[in-house]
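Counting from 1 along the sequence shown, just add 55 to a position and that's the residue number in the working numbering.
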Amino acid sequence: MAVSKSNKKKQQCYIAVPSQIINSISSSGLQSLLLSPKKKNPSFSVKLKLLLNNPRFWVLFLFVFGLVGMLKMWFHFDTLVPFSQNPCGIFQEKGSFENEQQSSQLSAGAVSVGKEENGDEESEFWKQPDGLGYRPCLEFSREYRKTSLDIVKGRNRYLMVVVSGGMNQQRNQIVDAVVIARILGAALVVPILQVNVIWGDESEFSDIFDLDHFKEVLANDVRIVSSLPSTHVMTRPVEEKRTPLHASPEWIRLHYTRKIRRDGVLLLRSLDSRLSKDLPSDLQKLRCKVAFHALRFSPSILELGNKLTERMRSKGPYVALHLRMEKDVWVRTGCLPGLSHEYDEMINNERKQRPELLTSRSNMTYHDRKLAGLCPLNALEVTRLLKALGAPKSARIYWAGGIPLGGKEALQPLTNEFPQFFNKEDLSLPGELEPFAKKASLMAALDYIVSENSNVFMPSHGGNMGHAIQGQRAYAGHKKTITPNKRKMLQHFLNSSLSETEFNAIILDLHRDSLGQPELRKAGRDVTKYPVPECMCNGTMNHPSM
């Protein structure tokens, strides 16, 4: 402690110096350091005496001396303990030094994991396909635009449609209903959604889709009305039940124009696959306009769907899986879940009791269906496929779909390999899903939004939702969409002699051209799934107007 005196009052000045430094220096040693031999030069002796009597000197000296001592001790211990953010840590005992070292090693491991995760985000798996410059291209011909003026002004013909199935199946039928109305030159009454027998969902068009937006986008193509006008309310609509599969525009005009002109109202049901997939260019463009622009989800669905998307995006890229592992899917496809003998027997028994549920090819055995690629992938197969394609263990996965047969047990292979595994129930806050409860179509719409916005999308089985999202992602710039090549890959899944390295190489090679790259639509395929070339173009392509 150094003390300074003044004429007015005493003032004490302190400086904190570690006790180890003070204890390590004896009083004699301190004197020897402070009192150097006197020089013969009297002026120097006087100066030294004045300096030693100056309290500022002692403050400065002790501060510098303490700092030097601490630095020496620091360098002495640097072989025992890494630099610590806690300065007091250097005065701990040896046992504490070992604990500090272990803690430092764990921190280094955490940094390494962090780098690894960041590396995953930049891995090949997240790389997007080359879109080859394709962009939306919905330029209608001059003849189409000229005809539109008369069609949208028409007040004598009205088309009513009743669409069935799940949300995505209804969506496809709504697209075709607009095109049929255009072919007949009729106004379209807002489609009626048939109550789904399986889910009991009574949602109306405006519960799922933004009706005002729907009308506005199609204002120059087809007139959309919410209900029949008073002049036609008492008219009993002519219901047509004989529409064949894949009917051409010529067939529709030939069979329906006279009836709708005579009666003013035509009612069509069950439009699934009734309209041909191969239409003139303008009508194909209209299909795309309805599917990708007009059919926007209602504001409440969009709001929550976007929130769920942001919660998935908040920690980096994510994969969306559309898993088809519900009980009714296994029954209808003629396939088995492979969870256990009991579950397989359950599916077989229900299929025998209700053979009408089997959708097609009833003469095929389960094994034949599996090898033909007609069965949904189960959780183990999805896991192996993702790993083979390079999905990192840290990948965040959003899974869409209904509750799988077997519950959480059915998903265990996926959750074991990819622990960051979420669905809308996991991401939503308390009460957020209540307005959508027991409404399967609204829940499916939420899944659609989060899946469409993902960095990578993969369905475990074909179907309306998988096809719709594939087309939407292609139209949005060919975002990565994995289409499992089930027919070619399943034989390798059954080959136990392959090493993991060999298996991964084979699976990766099978899917090099199935990652969402631009693919030209072939005859018989839906333009809303393959929008190139009718609805998208690049600088190297010129499409003649029709």
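Note that CB positions come from ideal geometry on N, CA and C, so glycine has one too.
**Report entry** Alpha-carbon to alpha-carbon, L350 and Q225
**Finding:** Residue 225 sits at position 170 when you count from the first residue of the sequence shown. Residue 350 sits at position 295 when you count from the first residue of the sequence shown. CA-to-CA, the gap between Q225 and L350 works out to about 11 angstroms.
Requested in this report: Count the other C-beta atoms from every protein chain shown that fall within 10 angstroms of the C-beta of R115, then say buried if there are 16 or more, exposed otherwise.
Outcome: In the sequence shown, residue 115 corresponds to position 60, counting from 1. Before going on, a small fix: residue 115 reads as Leu here, not Arg. Exposed, by the Cβ-count rule.
Report task. Go to Y585, then tell me how far its alpha helix (DSSP H) extends in each direction, as first and last residue. Result -> As a position in the sequence shown, residue 585 is number 530, starting the count at 1. No alpha helix (DSSP H) contains Y585, which DSSP labels as neither H nor E.
Query raised in the report: Count the other CB atoms within 10 Å of the CB of E271; is the residue buried (16 or more) or exposed (fewer)?
Result: Your numbering for residue 271 matches position 216 in the sequence shown. When all chains shown are included, E271 counts as exposed.
Query - Coarse secondary structure for E271, derived from DSSP in three states - result: Here residue 271 refers to the residue found at position 216 of the sequence shown. Three-state result, E271: helix.
Query raised in the report: From L497 to L553, what does the alpha carbon distance come to, in whole angstroms?
Result: As a position in the sequence shown, residue 497 is number 442, starting the count at 1. As a position in the sequence shown, residue 553 is number 498, starting the count at 1. Taking the straight line from one Cα to the other gives about 44 angstroms.
Report task. Taking L488 as the reference, give the member of I356, S325 and S331 with the closest Cα. Result -> Position 433 of the sequence shown, counted from the start, is the residue given in the question as residue 488. It is I356.
Query raised in the report: Given D262, which residues of its chain have a CB within under 8 angstroms of its CB, disregarding the five upstream and five downstream residues?
Result: Here residue 262 corresponds to residue number 207 of the sequence shown, with the count starting at 1. Closer than 8 angstroms at the Cβ level, and outside the excluded window around D262, lie S353, K494, S496 and L497.
Query raised in the report: First and last residue of the alpha helix (DSSP H) that includes H287?
Result: Sequence index remark: in the sequence shown, residue 287 carries index 232 (1-based). For H287, the enclosing alpha helix (DSSP H) has its first and last residue at S285 to V288.
Query - CA nearest to the CA of R451, picked from G389, N433 and Y373 - result: As a working note, residue 451 is residue 396 in the sequence shown. Out of G389, N433 and Y373, Y373 has the C-alpha closest to the C-alpha of R451.
Query raised in the report: Taking just the CA atoms, how far does N211 sit from K425?
Result: Reading the sequence shown from its first residue, position 370 is the one you call residue 425. Reading the sequence shown from its first residue, position 156 is the one you call residue 211. Between K425 and N211, the C-alpha separation is close to 52 angstroms.
Query - Where V250 falls: helix, strand or coil (DSSP) - result: Within the sequence shown, residue 250 is the residue found at index 195, counting from 1. DSSP places V250 in coil when its eight states are reduced to three.
Query raised in the report: Closest by CA to M520, which one among H377, E589 and E436?
Result: Numbered from 1 along the sequence shown, position 465 holds the residue referred to as residue 520. Residue H377 is the option with its Cα nearest to M520.
Query raised in the report: Is DSSP giving F180 helix, strand or coil here?
Result: Numbered from 1 along the sequence shown, position 125 holds the residue referred to as residue 180. Correct three-state label for F180: helix.
Query raised in the report: Counting Cβ pairs closer than 8 angstroms, one from the segment 432 to 450 and one from the segment 547 to 562, do we hit at least three?
Result: yes
Query raised in the report: So is G255 buried or exposed if we call it buried at 16+ other beta carbons inside 10 Å?
Result: The residue given as residue 255 occupies position 200 in the sequence shown. It is exposed - the Cβ of G255 has fewer than 16 other Cβ atoms within 10 Å.
Query raised in the report: DSSP beta-bridge partners for W454?
Result: The count along the sequence shown starts at 1 and reaches residue 454 at position 399. L376.
Query raised in the report: Thinking C-alpha only, which one of I247, F269 and A500 is nearest S325?
Result: To locate residue 325, count along the sequence shown from 1; it is residue 270. Per the Cα distances, I247.
Query raised in the report: Grouping DSSP H, G and I as helix and E and B as strand, with all else coil, what is M215?
Result: As a first step, residue 215 is located in the sequence shown; it is residue number 160 there, counting from the start. Three-state DSSP puts M215 in a strand.
Query raised in the report: Assuming R329 contacts L300 under a Cβ cut-off of 8 angstroms, what Cβ separation, rounded to an integer in Å, is found between them?
Result: Here residue 329 refers to the residue found at position 274 when the sequence shown is read from its first residue. Here residue 300 refers to the residue found at position 245 when the sequence shown is read from its first residue. With a Cβ gap of about 6 angstroms, R329 and L300 count as contacting.
Query raised in the report: Taking DSSP as the reference, what is the three-state secondary structure of S552?
Result: Numbered from its first residue, the sequence shown carries residue 552 at position 497. Coil, per DSSP.
Requested in this report: Look at the alpha carbon of V216 and the alpha carbon of Y453, and state the distance between them as a whole number of angstroms.
Outcome: As a working mapping, residue 216 is identified with position 161 in the sequence shown. As a working mapping, residue 453 is identified with position 398 in the sequence shown. Going from the Cα of V216 to the Cα of Y453 covers about 35 angstroms.
Query raised in the report: Given that a residue counts as buried once 16 or more other Cβ atoms are within 10 Å of its Cβ, and exposed if not, what is N510?
Result: One-based indexing of the sequence shown puts residue 510 at position 455. Its Cβ being crowded by 16 or more others within 10 Å, N510 is buried.
Query raised in the report: Is DSSP giving A529 helix, strand or coil here?
Result: Locating residue 529 in the sequence shown gives position 474, where the first residue counts as 1. Here A529 sits in helix by DSSP.
**Report entry** Under the three-state DSSP convention, the category I279 falls into
**Finding:** One-based indexing of the sequence shown puts residue 279 at position 224. Three-state result, I279: strand.
**Report entry** Reduced DSSP category for P354 - H, G, I as helix; E, B as strand; rest coil
**Finding:** The residue you call residue 354 lines up with position 299 of the sequence shown. Reduced to three states, the DSSP call for P354 is helix.
Query raised in the report: When burial is assigned at 16 or more other CB atoms within 10 Å of the CB, is D337 buried or exposed?
Result: As a first step, residue 337 must be located in the sequence shown, where it is residue number 282. Buried: at least 16 other Cβ atoms inside 10 Å.
**Report entry** Inter-residue spacing [alpha-carbon to alpha-carbon] between E148 and L117
**Finding:** Position 93 of the sequence shown holds residue 148. Position 62 of the sequence shown holds residue 117. Its pLDDT being 36, under 50, E148 is placed unreliably by the model, and nothing is read from it.
Query raised in the report: Just the Cα atoms here: how many angstroms apart are V320 and A375?
Result: Residue 320 sits at position 265 when you count from the first residue of the sequence shown. Residue 375 sits at position 320 when you count from the first residue of the sequence shown. Approximately 43 angstroms between the Cα atoms of the pair.
**Report entry** Top-ranked residue by Cα proximity to G548, from R439, F477, F512 and A523
**Finding:** Residue numbering aside, residue 548 sits at position 493 when the sequence shown is read from its first letter. The amino acid occupying residue 548 in the given sequence is Phe; Gly does not appear at that position. For the residues R439, F477, F512 and A523, the minimum Cα distance to F548 belongs to R439.
Requested in this report: Decide if the segment 191 to 203 is in contact with the segment 294 to 313; the criterion is three or more beta carbon pairs, one per stretch, under 8 angstroms apart.
Outcome: No, because fewer than three Cβ pairs between the segment 191 to 203 and the segment 294 to 313 fall closer than 8 angstroms, the two stretches do not touch.
Query raised in the report: Between E555 and H566, what straight-line distance do the alpha-carbon atoms span, to the nearest angstrom?
Result: To locate residue 555, count along the sequence shown from 1; it is residue 500. To locate residue 566, count along the sequence shown from 1; it is residue 511. Each residue's Cα considered, the two are about 17 angstroms apart.
Query raised in the report: Considering only residues of the same chain and omitting the five flanking positions on each side of C592, which have a CB-CB separation below 8 angstroms?
Result: Your numbering for residue 592 matches position 537 in the sequence shown. Taken in chain order, the residues that qualify are Y189, R190, C192 and H598.
Requested in this report: Spell out the partners DSSP gives M591 in its beta bridges.
Outcome: Sequence index remark: in the sequence shown, residue 591 carries index 536 (1-based). Per DSSP, the beta-bridge partners of M591 are P191.
Requested in this report: State the DSSP-derived secondary structure class of L432, mapped to helix, strand or coil.
Outcome: In the sequence shown, residue 432 corresponds to position 377, counting from 1. In this structure, L432 counts as coil in the three-state DSSP scheme.
Query raised in the report: Are the CB atoms of L214 and V244 nearer to each other than 8 angstroms?
Result: Reading the sequence shown from its first residue, position 159 is the one you call residue 214. Reading the sequence shown from its first residue, position 189 is the one you call residue 244. For L214 and V244, yes; Cβs fall inside 8 angstroms.
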